[in-house]
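This report refers to the structure that appears directly beneath it.
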Amino acid sequence: MNENGGSIHLILPDAVERAACFRLLAEGGGGIVRSFASADAWLESGADDDCAILLFHWRQPGRIDGAALLRHVRERVDITALVAASRLDMKETRAILRGGAYDLLPAPLDPRLVRRTLDQAMADLRARQIALARHREAEARIAALTPRERDILDAIAAGLGNKAIARRLDLSPRTVEVHRANIMRRAGAASVAELLRLAFTAELARSNSLHFGA
């Protein structure tokens, strides 16, 4: 967990349950586990800055209840939230699901189920981080192209050959060949297929950034 720049945090009011889950997770090794008795204590400590996976009880003592905590976590897209709860009404269930919780676990918690669920959440988090790194790399490569090279890349993506690209952009075929070679070099692509994958990935990353307001 720590290798990804974050740790697993538990916010479990019951001391016995908290100790049991903490012990099983800590014994598994591979990362940092921190535990807290309340959402108030977690936020007051500033622990959300190094949290990757958060498991908390929906019923929280103190000023901050489960709904408020989930809203706070939702604003932090780098935290994966899991909620433990029992005897929820329909309004609470909708709030949890619409609040973006990764999973809902039955309370009282079974530490073995907690271990399996958190392992899966961490695996999914790592996969998202790898995909994000690929998107950023693709964006950086494509951003290095000049405007003319972008025009040629768009034409390549449209399936045009060098002569057709030359006619469309009023260039000589030889100039198109030179630009094409520069595009492959700048993008670090070994083939046209790889180049187009990079372009598609970069476009997808830009679309997602616009959608989420990043």
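Here the sequence shown is numbered in my numbering, starting from 418 and rising by one per residue.
We put the beta carbon where it would ideally sit given N, CA and C, even for glycine.
What you are looking at is a predicted structure, and each value in this text was computed from that prediction instead of being measured.
The three-state reading of DSSP puts residue 525 in coil, since its state is none of H, G, I, E or B.
Of the candidates 457, 608, 576, 560, the residue whose Cα lies closest to the Cα of residue 619 is 560. By the CB criterion at 8 Å, residue 441 and residue 525 fall outside the cutoff. Each residue's CA atom was taken as its position, placing residue 490 and residue 434 some 22 Å apart. By the beta-carbon neighbour count (other beta carbons within 10 angstroms, threshold 16), residue 497 is buried. When the alpha-carbon of residue 457 is set against those of 485, 608, 501, 530, the nearest one is in 485. Per DSSP, residue 427 is one residue of the beta strand (DSSP E) stretching across 424–428. The C-beta separation of residue 535 from residue 425 comes to about 6 Å, placing the pair in contact by the 8 Å criterion. Rounded to whole angstroms, the separation of the alpha carbons of residue 607 and residue 569 is 17 Å. Around the beta carbon of residue 547, a 10 Å sphere encloses fewer than 16 other beta carbons of the protein chains shown; the residue is thus reported as exposed.
At a Cβ-Cβ threshold of 8 Å, residue 596 and residue 556 do not count as neighbours. Around residue 585, the same chain offers 572, 577 as residues with beta carbons nearer than 8 Å, after the five sequence neighbours per side are excluded. Contact annotation, residue 481 with residue 505: C-beta distance approximately 18 Å; criterion of less than 8 Å not satisfied. In its chain, beyond the 5 residues on either side, 474, 522, 524, 526 have a beta carbon closer than 6 Å to the beta carbon of residue 501. Judged by DSSP in its simplified three-state form, residue 476 adopts coil rather than helix or strand. Taking each of 615, 455, 589 in turn and checking the Cα distance to residue 478, the smallest one comes out for 455.
Taken through DSSP and simplified to helix, strand or coil, residue 499 comes out as strand.
For the 8 Å CB-CB criterion, residue 542 and residue 469 form a contact. For the beta strand (DSSP E) assignment, the uninterrupted runs of no fewer than 3 residues enclosed by the region 502–586 are, from N- to C-terminal side, 520–523. Under the three-state reduction of DSSP, residue 469 is assigned to strand. For residue 451, the uninterrupted beta strand (DSSP E) segment begins and ends at 450–453.
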